[in-house]
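Just add 1 to wherever you are in the sequence shown, counting from 1, and you've got the numbering used here.
Glycine included, every Cβ here is placed at the ideal spot set by N, Cα and C.
These numbers come from a predicted model, not from an experiment.
Everything below concerns the one structure shown next.
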Amino acid sequence: MSNQQQPLPVPYLRLQNEFDALRAEWMEMIGEAGQSGAFILGPNVRMFEQEVAAYLGCAHAVSVANGTDAIELSLRALGIGPGDKVITTPFTFFATAEAISKVGATPVFADIDPDSFTLDPSSVRNKIDTDVKAILPVHIFGHPADMDALGSIASEHGLSIVEDGAQAFGAMHGGKQVGTQGYCGCFSFYPTKVLGCYGDGGLITTGSDAIRDHLIKLRNHGAQSPFMHDELGYNSRLDEIQAALLRIKLRKIEQDIAARIRVADQYDQGLADLRLVRPSRPANGRHAFNLYTIRHPRRDAMRAALKEANIGHSQCYPLGLHLQSVYSQLGYRPGDLPVTDRLCGETLSLPIFPDMRKDEVERVCEVVRELG
Ligand SMILES: Cc1ncc(COP(=O)(O)O)c(C=O)c1O
């Protein structure tokens, strides 16, 4: 048997230690839910909604089944539908645009800023016409979008803003949490997210009582009272078992975000002086570092090197949504959104999670540095 040491493999994400640490508390809460028989829209969902609204600093938080529904229900609650257009970013997970299409509206893709990877306000401005009803910025990878500039454009043109904060729970713009500056803020609790459950879950924030009431109706089949329906809704509810877990994890969310930022700081130091571009930090806010995404001119060679070294990574995103075949009827061509097109050929996301060890970050840096 060889006693040569194997280089350290690094996973893209590791959740086992966290699960072990909170297993006993969660199991006890599941036991209580089982005893009470309240599995849907019960006390844990109600308490989580109150606790998360207090954390985020918003008037109302309405939980739903996942982040995609959060966006779709928000657009429905704002009355956006067929004939309407919504300006968004093509550099995001498909769900953002899918939700716009599913309410019958048309996504209009604007270009992004090459540093923050979020919507470029000047490109948004160029896309406005009389059918545009809303702007849907995405706080991509945990970096807050430029809400000041987007907010000014929205108020100038009487548009609503729906924030997609699926990847950015706990990120801040100015002194405020993302997801609290538009009409609605949408979050995903998919397991890989900054606040993730062990299944699917989502949340909508709003400052409006009327929108809150409408969302509560929409998530439960459009029922205004038991068995009475005056519009089509959804079966989109967070279950008690996930809500119990989210309550536990919310209590340590600041620690988790601080740990993510520590990993990002270590990467920033370990990857300094290379040809690659490290993630930018918001000038006036906080990056939640759901992902640590670099740009590298030899991205594909970098992927191959990481694969060879057994280091998890992800190509977020290989193709802008404007060029996906599902949207071919919209008529976008390569070059229409040049920053997005260029970044899709250069970006690569490295492992980042709260209990990532220093030696693991060092190992990733070592492999990345080999390509310069
Ligand atoms: C930017 C963005 N928007 C929306 C979603 C959809 O969230 P969910 O998977 O919970 O439906 C995701 C999830 O991956 C996302 O990353």
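With 16 other Cβ atoms within 10 Å as the buried cut-off, status of residue i
i	result
residue 159	exposed
residue 194	buried
residue 41	exposed
residue 68	buried
residue 228	exposed
residue 270	exposed
residue 233	exposed
residue 213	buried
residue 139	buried
Near ligand 1: residue i beta-carbon under 8 Å from a heavy atom
i	result
residue 107	no
residue 97	yes
residue 168	yes
residue 189	yes
residue 171	no
residue 141	yes
residue 205	no
residue 69	yes
residue 94	yes
residue 201	yes
residue 154	no
Contact check, residue i vs residue j, beta carbons under 9 Å
i	j	result
residue 108	residue 324	no
residue 203	residue 14	no
residue 78	residue 222	no
residue 236	residue 66	yes
residue 162	residue 184	yes
residue 56	residue 254	yes
residue 168	residue 142	yes
residue 262	residue 278	no
residue 45	residue 30	yes
residue 251	residue 19	no
residue 196	residue 165	no
Residue i to residue j span [Cα, whole Å]
i	j	result
residue 331	residue 175	35 Å
residue 220	residue 97	18 Å
residue 218	residue 239	14 Å
residue 231	residue 289	40 Å
residue 72	residue 306	37 Å
residue 366	residue 201	32 Å
residue 355	residue 334	39 Å
residue 179	residue 284	14 Å
residue 119	residue 10	31 Å
residue 47	residue 61	11 Å
residue 89	residue 100	11 Å
residue 173	residue 147	11 Å
residue 362	residue 264	7 Å
residue 74	residue 8	47 Å
residue 116	residue 280	7 Å
residue 33	residue 245	10 Å
residue 80	residue 17	42 Å
residue 353	residue 268	10 Å
residue 360	residue 302	23 Å
Own chain partners of residue i with C-beta closer than 8 Å, once the 5 adjacent residues on each side are dropped
i	result
residue 22	none
residue 3	Only weak support exists for where residue 3 lies, its pLDDT of 48 falling under 50; the coordinates are left without a value.
residue 127	111
residue 59	178, 180, 181, 186, 206, 207, 208
Nonlocal neighbours in the same chain, by C-beta distance under 7 Å from residue i, ignoring five residues either side
i	result
residue 132	84, 85, 86
residue 82	104, 105, 106
residue 124	111, 112
residue 298	276, 347
residue 368	306, 307, 310, 312
residue 287	172, 173
Close Cβ partners of residue i (< 6 Å) along its chain, the five nearest in sequence each way excluded
i	result
residue 300	347, 349
residue 76	104
Closer than 8 Å: residue i CB and nearest ligand 3 heavy atom
i	result
residue 194	In the structure on display, ligand 3 does not appear, and the ligands it does have are ligand 1.
Proximity test, Cβ basis, 9 Å: residue i and chain C
i	result
residue 268	Absent from the structure is chain C; it holds one protein chain and no more.
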